[in-house]
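Participant: Take a look at the following structure, please.
Number of protein chains: 2
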Amino acid sequence: MRIGILGGGQLAKMMALAGQPLGHEFVFIDPAADACARSLGAHRVSDWSGPDLVNQLAGCDRVTFDFENVPAESLATLADRFDVRPSPKALEVSQDRLAEKQLCASLDIPVAPFKAVDTRPELMGAIDALGLPALLKTRRLGYDGKGQYRLAHSEDLEPAWQSLGEQALILEGWVDFAHECALTAVRDAAGEVRFYPLTHTLHQEGILRFALSGSPANAPWQDSAEKIVHQIMDALDYVGCLTVEFFVTEAGLVVNELAPRVHNSAHWTIEGSVCSQFENHIRALTDMPLGAAHSRGSALMVNFIGQMPSTDMLALDGLHWHDYGKQARKGRKVGHATWVLEDFATLKRRADELTAHLEPSQVQGLTGLINAAG
Amino acid sequence: MRIGILGGGQLAKMMALAGQPLGHEFVFIDPAADACARSLGAHRVSDWSGPDLVNQLAGCDRVTFDFENVPAESLATLADRFDVRPSPKALEVSQDRLAEKQLCASLDIPVAPFKAVDTRPELMGAIDALGLPALLKTRRLGYDGKGQYRLAHSEDLEPAWQSLGEQALILEGWVDFAHECALTAVRDAAGEVRFYPLTHTLHQEGILRFALSGSPANAPWQDSAEKIVHQIMDALDYVGCLTVEFFVTEAGLVVNELAPRVHNSAHWTIEGSVCSQFENHIRALTDMPLGAAHSRGSALMVNFIGQMPSTDMLALDGLHWHDYGKQARKGRKVGHATWVLEDFATLKRRADELTAHLEPSQVQGLTGLINAAG
Chain A
794 MRIGILGGGQ
804 LAKMMALAGQ
814 PLGHEFVFID
824 PAADACARSL
834 GAHRVSDWSG
844 PDLVNQLAGC
854 DRVTFDFENV
864 PAESLATLAD
874 RFDVRPSPKA
884 LEVSQDRLAE
894 KQLCASLDIP
904 VAPFKAVDTR
914 PELMGAIDAL
924 GLPALLKTRR
934 LGYDGKGQYR
944 LAHSEDLEPA
954 WQSLGEQALI
964 LEGWVDFAHE
974 CALTAVRDAA
984 GEVRFYPLTH
994 TLHQEGILRF
1004 ALSGSPANAP
1014 WQDSAEKIVH
1024 QIMDALDYVG
1034 CLTVEFFVTE
1044 AGLVVNELAP
1054 RVHNSAHWTI
1064 EGSVCSQFEN
1074 HIRALTDMPL
1084 GAAHSRGSAL
1094 MVNFIGQMPS
1104 TDMLALDGLH
1114 WHDYGKQARK
1124 GRKVGHATWV
1134 LEDFATLKRR
1144 ADELTAHLEP
1154 SQVQGLTGLI
1164 NAAG
Chain B
794 MRIGILGGGQ
804 LAKMMALAGQ
814 PLGHEFVFID
824 PAADACARSL
834 GAHRVSDWSG
844 PDLVNQLAGC
854 DRVTFDFENV
864 PAESLATLAD
874 RFDVRPSPKA
884 LEVSQDRLAE
894 KQLCASLDIP
904 VAPFKAVDTR
914 PELMGAIDAL
924 GLPALLKTRR
934 LGYDGKGQYR
944 LAHSEDLEPA
954 WQSLGEQALI
964 LEGWVDFAHE
974 CALTAVRDAA
984 GEVRFYPLTH
994 TLHQEGILRF
1004 ALSGSPANAP
1014 WQDSAEKIVH
1024 QIMDALDYVG
1034 CLTVEFFVTE
1044 AGLVVNELAP
1054 RVHNSAHWTI
1064 EGSVCSQFEN
1074 HIRALTDMPL
1084 GAAHSRGSAL
1094 MVNFIGQMPS
1104 TDMLALDGLH
1114 WHDYGKQARK
1124 GRKVGHATWV
1134 LEDFATLKRR
1144 ADELTAHLEP
1154 SQVQGLTGLI
1164 NAAG
């Protein structure tokens, strides 16, 4: 099949790396001339709206996307002509933090307390209702921690409002959590679902830094996470990979965000599970049987932000390298490495071998993650 | 780095699939407009000789090849301008069955008894010396069983000579073997070597049909195979992956052939080992640290010859699909699947699940292989 992907970043690239052996071809729609997926298929230099999009995708049997800020109306238009998976509805819900939380609430799935905020009086009312600290976020177009402010004291309101006001916002009540985790699952058009093991995640400055599978701290939460993700997938008649990010709290799991696509927290599945999220996403899109999602051992993924480190790290047996082929730029995800070991205890014992290759701030983060994991 | 590959077939494709995540770019030189690697890099439609080859490869940091019938003199010329790995010398030796056997003999490595044959009297003399049955082969340009005749009786001579005469030949004495196996290893420019586990191979009509890792029948031969491959690699100052095919006889291992490149018998390493032959070949070419070659469980690779079967087979958990994107054609390798299971006993017990998807001739071959394996 020919698969059109809106977006030509690293997620599109890894979809194509997984999809080419399945016999598929790829077309990437991306306005950046140096979109990093371009070496794996046809690259159309174009944005994701406008009447020409249909022509750009001519001949595609399926259309999907590699990030969720594709205009939902573009996708809805495309859905008249192409088999778009996941559906525009799933994208629309996840593009709007309010709709996302309302969906969860309607399914009795725990989320942070929330209030829609369009005006300054609404903000004051929301703070009265939810208390401080709280998070003021744009309803749309946020990613990697962009478009959000933490309000700890009343004096934080004014700068946040100055920066974020004049657009649809949401205030989220503070959630005290022990750690964060994410569940990735894949659902095919017939409704069959496969769940990956929970990923223990660590963010710094709003950007995912580390992801760990096989974390003992997550084991008790696998079943309830699967139940929640299954509910959401069925409610959206979802096809493809979906990742749900959770807070682990004393009261149980609280849904933080949905990502209706392949997701950074599950990059470790490329080598750490039988069939990766990328391959399973493509299998689901193209009506191939789903692959096994169970994992081998414990996998630790390190994101490379800004620039790639030295390849000396490759000397670690079981370490896998993913250089996205992107220009170095501050704050940009340019690659990752995944280190797969037989179990978490081995990973914990041998963590020093990896940290020898990392920056001090990374070492601190990783040490915290491993200690929290078990 | 930019890596130029002479040849743009499935081996080049799988090298690029492994090499792109390492941050490398690829240029494929192949006269076929539909060379299947073309979706993974720049494709120059050209043969492998002529003065323009240097221009076609302009900007490449390394040059390698995906099949051994590249003219050795072309490669030698390229070696003046590019860092060619493995070296033209390694290619030259493996292109000539006589030179290959002479190299082994000089290292005291067992090979089938052999005689060079250029004339009809030499053929008669060689038969007198080696007896019948014997194999009459072209010294050069044979692959997948092409360019060879089995001589069982004196009446087989004339048709074989009519077909093969007028070129440099070799007569090989018959080797009685229990089964065939192959060892793939990778060596870097500093002389470090990693060995994959022995692969149990099954050929039909001269074409590899099945390859199995974790075969109990091979376990006793791992050490002696490694010793032989190490000797050959050091003698050739080899850089990259080399596969040596063996006969397992009562007297021990006998070298059948060398393949100075990534090899079909080790395709299972993509999912069945920590770091695949393709990735390790690219790592060695580009002076990255070598990856671990040990395997996970037992892996069975099935070649798809002529045309791809139904993708229903993908419903088997742990089965991985490789559609090379080639036009169907009788006798052509168009893809393969690899099924990875926890150990050989499990594979043997569950073999029926796979054979349900295979043709009767394949089932017969696979059953024979599994019974021979243990």
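Taken in order, these protein sequences are the chains called A and B. Per our numbering, the first sequence starts with residue 794, numbered consecutively. Per our numbering, the second sequence starts with residue 794, numbered consecutively. We put the CB at the ideal spot given by N, CA and C, even for glycine.
(1) Express the C-alpha separation of A/Leu1035 and B/Ile1025 in angstroms, rounding to a whole number.
(2) Can you name the residues of chain B whose CB is closer than 7 Å to the CB of A/Trp1114?
(3) Using only CA atoms, which one of A/Gln803, A/Gln960, A/Leu962 and A/Trp967 lies nearest to A/His946?
(4) CB-CB under 8 Å to A/Ser1154, same chain, minus the five flanking residues each way: which ones, in chain order?
(5) If you measure beta-carbon to beta-carbon, which residues of the segment 827-850 of chain B are closer than 8 Å to chain A?
(6) Would you list the residues sitting across from A/Arg855 in a DSSP beta bridge?
(7) Under 8 Å between beta-carbons, which chain A residues line up against B/Gly797? List them in chain order, please.
(8) A/Pro1082 touches chain B at which residues, Cβ-Cβ below 8 Å?
(9) Of the residues B/Gly800, B/Pro952 and B/Glu1038, which one's Cα is nearest the Cα of B/Asp734?
(10) Just to check my reading of the structure: B/Val1055 and B/His1087 have Cβ atoms closer than 8 Å, yes? What is that Cβ distance to the nearest angstrom?
(11) State yes or no: is the beta carbon of A/Leu804 nearer than 8 Å to at least one beta carbon in chain B?
(12) Tell me, please, whether the segment 1124-1135 of chain B touches the segment 1088-1097 of chain B by the rule of three or more beta-carbon pairs shorter than 8 Å.
(13) For B/Glu985, decide whether its Cβ has a neighbour in chain A, counting only Cβ atoms nearer than 8 Å.
(14) Taking its Cβ as the centre, do 16 or more other Cβ atoms sit within 10 Å of B/Ala978, making it buried, or is it exposed?
(15) Can you tell me the Cβ-Cβ gap for A/Glu965 and A/Leu928, rounded? I've got them flagged as a contact below 8 Å.
(16) Just curious, the beta strand (DSSP E) that A/Ala978 is in, first and last residue?
(17) Which term fits A/Glu951, buried or exposed, when burial requires 16 or more other beta carbons within 10 angstroms of its beta carbon?
(18) Tell me which same chain residues have a C-beta within less than 6 Å of the C-beta of A/Phe860, skipping the five on either side of it?
(19) If you count every other CB in all the chains shown that lies within 10 Å of the CB of B/Leu976, and 16 or more means buried, which is it?
(20) Rounded to whole angstroms, what is the Cα-Cα separation between B/Asn1011 and B/Cys829?
(21) Relative to the C-alpha of A/Ile798, which candidate in A/Thr857, A/Asn1164 and A/Trp1014 has its C-alpha closest?
(22) Using three-state DSSP, classify A/Met917 as helix, strand or coil.
(23) With 8 Å as the threshold, decide whether the Cβ of B/Leu810 is near any Cβ in chain A.
(24) Which residue comes first and which comes last in the alpha helix (DSSP H) that contains B/Trp954?
(25) Do A/Leu1151 and A/Ile796 have their C-beta atoms closer together than 8 Å?
(26) So is B/Val1095 in contact with chain A if we call contact Cβ pairs under 8 Å?
(27) Using a Cβ-Cβ cut-off of 6 Å (strictly less than) and excluding sequence neighbours within five positions of B/Arg837, which residues of its own chain qualify?
(28) Does the CB of B/Ala1085 have a neighbour CB from chain A at under 8 Å?
(29) In chain order, what residues of the same chain have a beta carbon less than 7 Å from the beta carbon of B/Gln960, not counting five sequence neighbours either side?
(30) Given this structure, state the Cα-to-Cα distance separating A/Trp1014 from A/Cys897, to the nearest angstrom.
(31) Is it a yes or a no for the segment 807-815 of chain B touching the segment 1103-1122 of chain A, going by three-plus beta-carbon pairs under 8 Å?
(32) How about A/Ser1201 and A/Trp1061: are their beta carbons less than 8 Å apart?
(33) Residues of chain D with a CB under 8 Å from the CB of A/Arg1089: which are they?
(34) Which residues in the same chain have their Cβ closer than 6 Å to the Cβ of B/Ala892, if we skip the five residues on either side of it in sequence?
(35) Taking all protein chains shown into account, do 16 or more other C-beta atoms lie within 10 angstroms of the C-beta of A/Lys806, making it buried, or fewer, making it exposed?
(36) When we look at the beta-carbon of B/Asn1174 and count the other beta-carbons within 10 Å, is it buried (16 or more) or exposed?
Facilitator: Judging by the given coordinates:
(1) The straight-line gap from Cα to Cα measures roughly 50 Å.
(2) Per Cβ cutoff of 7 Å: Pro814 and Leu815.
(3) A/Trp967
(4) Gln997
(5) Ser832, Leu833 and Gly834
(6) According to DSSP, A/Arg855 bridges with A/Ile796.
(7) Those do not exist, as B/Gly797 stays about 15 Å from chain A at its closest Cβ, beyond 8 Å.
(8) Thr1104, Asp1105, Leu1107 and Ala1108
(9) Any property of residue 734 of chain B remains undetermined from this structure, which presents chain B solely from 794 to 1167.
(10) Between B/His1087 and B/Val1055 the Cβ distance is about 18 Å, and since that is not below 8 Å, they are no contact.
(11) no
(12) yes
(13) No - not a single Cβ of chain A is within 8 Å of the one on B/Glu985.
(14) So B/Ala978 ends up on the buried side.
(15) With a beta-carbon spacing of about 5 Å, A/Glu965 and A/Leu928 fall inside the 8 Å limit used to define contacts.
(16) His972 to Arg980
(17) So A/Glu951 ends up on the exposed side.
(18) Gly800
(19) buried
(20) 33 Å
(21) Sorting A/Thr857, A/Asn1164 and A/Trp1014 by C-alpha distance to the C-alpha of A/Ile798 places A/Thr857 at the top.
(22) Residue state, collapsed to three classes: helix.
(23) yes
(24) Leu950 to Leu957
(25) no
(26) no
(27) Ile822 and Gln849
(28) yes
(29) Correct list, in chain order: Thr931.
(30) 18 Å
(31) Yes: the two stretches touch, three or more of their Cβ pairs being nearer than 8 Å.
(32) Summary: the structure shown does not reach residue 1201 of chain A, with chain A confined to residues 794 through 1167, and so no result is reported for it.
(33) Included in the structure are the protein chains A and B, with no chain D among them.
(34) Val886
(35) buried
(36) With chain B covering 794 to 1167 only, the question about residue 1174 of chain B has no answer from this structure.
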